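Note that the numbering used here numbers the sequence shown so that position 327 is 838, with each residue one more than the last.
See structure below.
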Amino acid sequence: MMCLKQKLFDQNGEVDEDALLYEVHSDLRDFVLDNLAKKEKQVLDALRIETYTPEWKPQLDRIHLQNGTYFLDERGFVPEKELCLNRLPVEYQPDAPAPTKWLEFLDGLLIPEDILTLQEYLGYLLIPSTKAQKMLVMTGKGGEGKSRIGLLLKKLFGEASHSESILRIETNRFASANLEYKLVMVDDDLNMVALPETRNIKSIVTAEDRLCIERKNKQAVQGLLYVRFICFGNGNLVAAHDDSDGFWRRQILITVKDRDPARVDNPFLIEELSEERPGILLWMLEGLHRLLANRYQFTISERSVQNLEAAMADSDNLTQFMQATAYVRFKPDTEERSTYLYRAYTKWCEDNLESPVPQKKFSQFLLKNAGKYGLTFSKHIEGKYRGFRGVCVHPAFAAA
Numbered sequence: 512m513m514c515l516k517q518k519l520f521d522q523n524g525e526v527d528e529d530a531l532l533y534e535v536h537s538d539l540r541d542f543v544l545d546n547l548a549k550k551e552k553q554v555l556d557a558l559r560i561e562t563y564t565p566e567w568k569p570q571l572d573r574i575h576l577q578n579g580t581y582f583l584d585e586r587g588f589v590p591e592k593e594l595c596l597n598r599l600p601v602e603y604q605p606d607a608p609a610p611t612k613w614l615e616f617l618d619g620l621l622i623p624e625d626i627l628t629l630q631e632y633l634g635y636l637l638i639p640s641t642k643a644q645k646m647l648v649m650t651g652k653g654g655e656g657k658s659r660i661g662l663l664l665k666k667l668f669g670e671a672s673h674s675e676s677i678l679r680i681e682t683n684r685f686a687s688a689n690l691e692y693k694l695v696m697v698d699d700d701l702n703m704v705a706l707p708e709t710r711n712i713k714s715i716v717t718a719e720d721r722l723c724i725e726r727k728n729k730q731a732v733q734g735l736l737y738v739r740f741i742c743f744g745n746g747n748l749v750a751a752h753d754d755s756d757g758f759w760r761r762q763i764l765i766t767v768k769d770r771d772p773a774r775v776d777n778p779f780l781i782e783e784l785s786e787e788r789p790g791i792l793l794w795m796l797e798g799l800h801r802l803l804a805n806r807y808q809f810t811i812s813e814r815s816v817q818n819l820e821a822a823m824a825d826s827d828n829l830t831q832f833m834q835a836t837a838y839v840r841f842k843p844d845t846e847e848r849s850t851y852l853y854r855a856y857t858k859w860c861e862d863n864l865e866s867p868v869p870q871k872k873f874s875q876f877l878l879k880n881a882g883k884y885g886l887t888f889s890k891h892i893e894g895k896y897r898g899f900r901g902v903c904v905h906p907a908f909a910a911a
């Protein structure tokens, strides 16, 4: 047993302290007559001190399973168990039959190329690593069954999984503390509200060092998070103020097939898939080995690439405005005030049911992308105004 930051771990992963406290209670109740509850807590405190471990590095070369340890090198599977942070509630059975129901389910949900991506990503979840620096978002119109994957992951990962909202991770400063020592976080109902910030999510997805973890009524500490995100929803994950490439390049976007109108839903699907867990584990290990052989580069379908490009374009109304020739045009011998450019932009937003960004962000966008559009910033437009050369707006937007 070991104690990391007041949490106890043994050969089965994180210890259920309520169950441990009951065990201590059962041992002491016949011998301690006074202050029994206090004595029980003292025993647990003493156990934490006795098993104190300052640090435990994530083990990237092995997976702790219900019936032993699977090494990713030539050692393969061994039946011996060892101290660990996570032990998955699934057995390694090298001769397990192919998970036919699982494969049939995926065939009705995804195109073949995206099945490869999912296989690699689920395999990636088996080890405590963020080297791929990706999160997976699966979207559809609703009713396709994509959230069944999240339920299955909870069966496969047990206490190493955590259900949470991506929005809460970004808006609640205590939420990330629940992700410590977890392998996967499942958001099975992605909120369509735009994220006010993306700093926490980006930091966790690409975590290569310790991050600040804060718990209620406790001093913030530095902790190592290796949790990976997988989200299911009817729309893309969007940010209110982050239009950087960094937000998008951390995502893999998979769109599921439309629901077959002739399909009859199986209310026992999860139970049937759970029976195939040993076979599904072998399938996931195949994906993990392929991912490692490709140095943590996922197999990404052309459809997913297009999904990402479309999502980026849809979330960026500034770029869309710059392509609207009825509002703005680019000519080398023209110039325009920033005020008039912003006026044209807000009119375009009004006409297209878009929300305009603040003036400051609009100006920053033009400055950042001046080279892309052939613009030159000047403080002397019409002699005294700030603006850009190489662009003009429709005369209606330049009227006083």
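No residue lacks a Cβ here, since even glycine has one placed at the ideal position from N, Cα and C.
All figures in this text were calculated on a predicted structure; none of them were measured in a lab.
Just the C-alpha distance for Asn-597 and Leu-519, rounded to the nearest angstrom, thanks.
-> Counting from 1 along the sequence shown, the entry for residue 597 is found at position 86. Counting from 1 along the sequence shown, the entry for residue 519 is found at position 8. Each residue's Cα considered, the two are about 12 Å apart.
Using three-state DSSP, classify Ser-714 as helix, strand or coil.
-> In the sequence shown, the residue the question calls residue 714 occupies position 203. Note: Ser-714 maps to helix in three-state DSSP.
Meets three-Cβ-pair contact criterion under 8 Å: the region 687–704 and the region 602–614 | no
Same chain, Cβ closer than 6 Å to Val-749, five either side skipped, listed in chain order = Along the sequence shown, one-based indexing puts residue 749 at 238. So the list reads Ala-705, Ser-826, once near-sequence residues are dropped.
Can the beta-carbon of Trp-859 be found closer than 7 Å to that of Phe-832?
-> The residue labelled residue 859 in the question sits at position 348 within the sequence shown. The residue labelled residue 832 in the question sits at position 321 within the sequence shown. For the 7 Å CB-CB criterion, Trp-859 and Phe-832 form a contact.
DSSP-derived helix/strand/coil call for Gln-630 = What you label residue 630 is simply residue 119 of the sequence shown in a count that begins at 1. In this structure, Gln-630 counts as helix in the three-state DSSP scheme.
How long is the line joining the alpha carbons of Glu-725 and Lys-645, rounded to whole angstroms?
-> Position 214 of the sequence shown, counted from the first residue, corresponds to residue 725. Position 134 of the sequence shown, counted from the first residue, corresponds to residue 645. Each residue's Cα considered, the two are about 24 Å apart.
Which value, in whole angstroms, describes the spacing of the CA atoms of Cys-595 and Glu-708?
-> Working through the sequence shown from its first residue, we reach residue 595 at position 84. Working through the sequence shown from its first residue, we reach residue 708 at position 197. Distance between the alpha carbons of Cys-595 and Glu-708: 34 Å.
So what does Gln-762 bridge to, in DSSP terms?
-> The count along the sequence shown starts at 1 and reaches residue 762 at position 251. Met-646, per the DSSP bridge assignment.
Alpha-carbon spacing of Thr-650 relative to Leu-690, whole angstroms | The sequence position of residue 650 within the sequence shown is 139, counting from 1. The sequence position of residue 690 within the sequence shown is 179, counting from 1. Approximately 23 Å, taken between the alpha carbons.
Close Cβ partners of Lys-652 (< 8 Å) along its chain, the five nearest in sequence each way excluded = Sequence index remark: in the sequence shown, residue 652 carries index 141 (1-based). The answer, listed in chain order, is Asn-745, Asp-769, Arg-770.
List the residues that DSSP assigns as beta-bridge partners of Ala-917.
-> The shown model of the chain, from 512 to 911, leaves out residue 917, and the question about it has no answer.
Report the residue from Tyr-581, Asn-863, Tyr-563 whose alpha carbon sits nearest the alpha carbon of Glu-498.
-> Because the chain is modelled from 512 through 911, residue 498 falls outside the range shown and cannot be assessed.
Given 8 Å as the limit, is there contact between the region 714–721 and the region 730–742, that is, 3 or more CB pairs closer than that?
-> yes
What are the boundary residues of the alpha helix (DSSP H) that includes Asp-618?
-> Your numbering for residue 618 matches position 107 in the sequence shown. Following the DSSP letters along the chain, one finds Asp-618 inside the alpha helix (DSSP H) bounded by residues 611–620.
Would you mind working out which of Lys-890, Lys-642, Glu-602, Val-535 sits nearest Glu-847, comparing C-alpha positions?
-> Within the sequence shown, the letter at position 336 stands for residue 847. It is Lys-890 whose Cα lies nearest to the Cα of Glu-847.
Any idea if Asn-728 is buried or exposed, counting beta-carbon neighbours within 10 angstroms, 16 or more meaning buried?
-> For the purposes of this step, residue 728 is taken as residue 217 along the sequence shown, with counting starting at 1. With fewer than 16 Cβ atoms within 10 Å of its Cβ, Asn-728 is classed as exposed.
Glu-865 - partner residues in DSSP beta bridges = Along the sequence shown, one-based indexing puts residue 865 at 354. Bridge partners of Glu-865: none, in fact.
If you run the structure through DSSP and keep just helix, strand and coil, what is Cys-595?
-> Indexing the sequence shown from 1 puts residue 595 at position 84. DSSP places Cys-595 in coil when its eight states are reduced to three.
How many whole angstroms separate the CB atoms of Asp-572 and Leu-583, which I take to be in contact at a CB cut-off of 8 Å?
-> As a position in the sequence shown, residue 572 is number 61, starting the count at 1. As a position in the sequence shown, residue 583 is number 72, starting the count at 1. For a cut-off of 8 Å, the C-beta gap from Asp-572 to Leu-583 is around 5 Å, short enough to register as a contact.
According to DSSP, residues forming a beta bridge with Arg-900 = Within the sequence shown, the letter at position 389 stands for residue 900. Answer is Glu-846, Thr-887, bridged to Arg-900.
Return helix, strand or coil for Ile-560, following the three-state DSSP convention.
-> Walking along the sequence shown from the start, residue 560 turns up at place 49. Residue state, collapsed to three classes: helix.
In terms of residue numbering, what span does the alpha helix (DSSP H) encompassing Phe-873 cover?
-> Residue numbering aside, residue 873 sits at position 362 when the sequence shown is read from its first letter. Counting along the chain, the alpha helix (DSSP H) containing Phe-873 begins and ends at 870–879.
CA-CA distance, Arg-761 and Val-543?
-> Translated into the one-based positions of the sequence shown, residue 761 becomes position 250. Translated into the one-based positions of the sequence shown, residue 543 becomes position 32. In a straight line, the C-alpha of Arg-761 is about 56 Å away from that of Val-543.
Do three or more CB pairs link the region 801–821 to the region 621–641 at distances below 8 Å?
-> yes
Since I believe Phe-908 is in contact with Arg-854 (beta carbons under 8 Å), could you give me their beta-carbon distance rounded to a whole number of angstroms?
-> The residue you call residue 854 lines up with position 343 of the sequence shown. The residue you call residue 908 lines up with position 397 of the sequence shown. Correct: roughly 5 Å between the Cβ atoms.
First and last residue of the uninterrupted alpha helix (DSSP H) at Gln-831 | Here residue 831 refers to the residue found at position 320 when the sequence shown is read from its first residue. Where Gln-831 is concerned, the enclosing alpha helix (DSSP H) stretches over 828–833.
Cβ distance (whole Å) where Val-601 is taken to contact Leu-694 below 8 Å | Taking the sequence shown and counting its residues from 1, one reaches residue 601 at position 90. Taking the sequence shown and counting its residues from 1, one reaches residue 694 at position 183. Rounded, the Cβ-Cβ distance is 13 Å, inconsistent with contact.
Determine the extent of the beta strand (DSSP E) in which Met-696 is found, giving its start and end residues.
-> Taking the sequence shown and counting its residues from 1, the one referred to as residue 696 is at position 185. Met-696 -> beta strand (DSSP E) spans 695–698.
Among Asn-828, Phe-873, Ser-874, which residue has its Cα nearest to the Cα of Asp-862?
-> Residue mapping note: residue 862 aligns to position 351 of the sequence shown, counting from 1. Measuring from the Cα of Asp-862, the nearest candidate turns out to be Asn-828.
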